[in-house]
Amino acid sequence: MDAYLAVVAKREVREYLDRPVPEDVLTKILQAGRATGSAKNSQPWRFIVLVDREHRHDLARAMMAPRNLDRCAVAIAVVLLNERLRFDAGRVAQDMMVAAWALGVGSCPNSVRPDEHDRMRQDLGVPPEAAVATIITLGYPAPGQPRPRPTADPEKIVAKLNRLPLEELVHREHFSG
């Protein structure tokens with residue numbers, strides 16, 4: 002799947018098949034994160050791979066959408082070592098999710114409830130000065146969920162997007178209201 006198609010076609014998947022993500026596919030997703038650019042190449046992230054179903058079930062109570070973490074095949078917690086670099090956390094998460102999509106794996110970013118962040122950090126062994134930026138759930142899409150289509154026409158996808166048109170989003174040289 003080419004990069005443009007992967008980006009425009011990527012959709013969130015919240016229900017997954019009970020099928021593991023092979024280790025070589027997971028490694029490629031993690032490598033996509035590792036390859037992501039960051040401010041001054043600071044690489045302010047670390048990744049915690051969550052494979053154990055019981056562990057994910059226990060962690061799910063701290064999530065805004067517990068069902069996603071509870072029912073996925075695997076998850077990746079993106080730990081941010083410097084909270085001022087939140088933009089970089091978004092970059093790395095999106096790169097991993099787009100790479101997963103291109104590899105046929107669905108994903109969804111998930112937020113830790115603010116009142117549970119300290120417990121989540123403690124449960125994952127994350128140092129107090131770091132933050133759990135997001136937890137990405139991964140798995141093969143269940144029936145009825147969006148799924149990657151490597152031969153789809155990206156222009157047809159773009160034409161059907163429920164997004165503001167470029168004319169409303171793009172301004173040239175200055176913001177024109």
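Quick note: to get the numbering used here, add 1 to the position in the sequence shown (first position is 1).
Glycine included, C-beta positions come from ideal geometry on N, C-alpha and C.
Small disclaimer: the values here were computed from a predicted structure and weren't measured.
Starting from the C-beta of residue i, find all residues in its chain whose C-beta is less than 6 angstroms away, skip the five residues before and the five after it, and write them out in chain order.
i	result
Ala-132	Leu-81 and Glu-84
Arg-148	Pro-142
Pro-155	Tyr-5, Leu-6 and Val-9
I need the straight-line Cα distance from residue i to residue j, nearest angstrom please.
i	j	result
Arg-173	Pro-166	15 angstroms
Cys-73	Asp-119	23 angstroms
Gln-44	Gln-32	13 angstroms
Asn-42	Ala-160	36 angstroms
Leu-170	Arg-12	21 angstroms
Ala-90	Val-50	16 angstroms
Thr-152	Pro-129	45 angstroms
What did DSSP end up calling residue i once you bin it into helix, strand or coil?
i	result
Met-64	strand
Asn-42	helix
Glu-16	coil
Val-80	strand
Pro-115	helix
Phe-189	For the chain, the structure presents residues 2 to 178; residue 189 sits outside this window and is missing.
Gly-126	coil
Determine the extent of the beta strand (DSSP E) in which residue i is found, giving its start and end residues.
i	result
Ala-74	That residue, Ala-74, is in no beta strand (DSSP E); it is neither H nor E in DSSP.
For the alpha helix (DSSP H) containing residue i, list its first residue and its last residue.
i	result
Val-133	No alpha helix (DSSP H) holds Val-133; the beta strand (DSSP E) holding it covers 132-140.
Pro-155	155-161
Ignore the nearest five residues each way along the sequence and tell me which others in residue i's own chain have a CB closer than 7 angstroms to its CB.
i	result
Thr-37	Arg-92, Val-93 and Asp-96
Leu-70	Arg-57, Leu-60, Ala-61, Met-64, Ala-76, Asn-111, Ile-136 and Thr-138
Measure the beta-carbon distance from residue i to residue j and round it to whole angstroms, keeping in mind my assumption that it falls under 8 angstroms.
i	j	result
Ala-10	Ile-158	5 angstroms
Glu-16	Gln-146	5 angstroms
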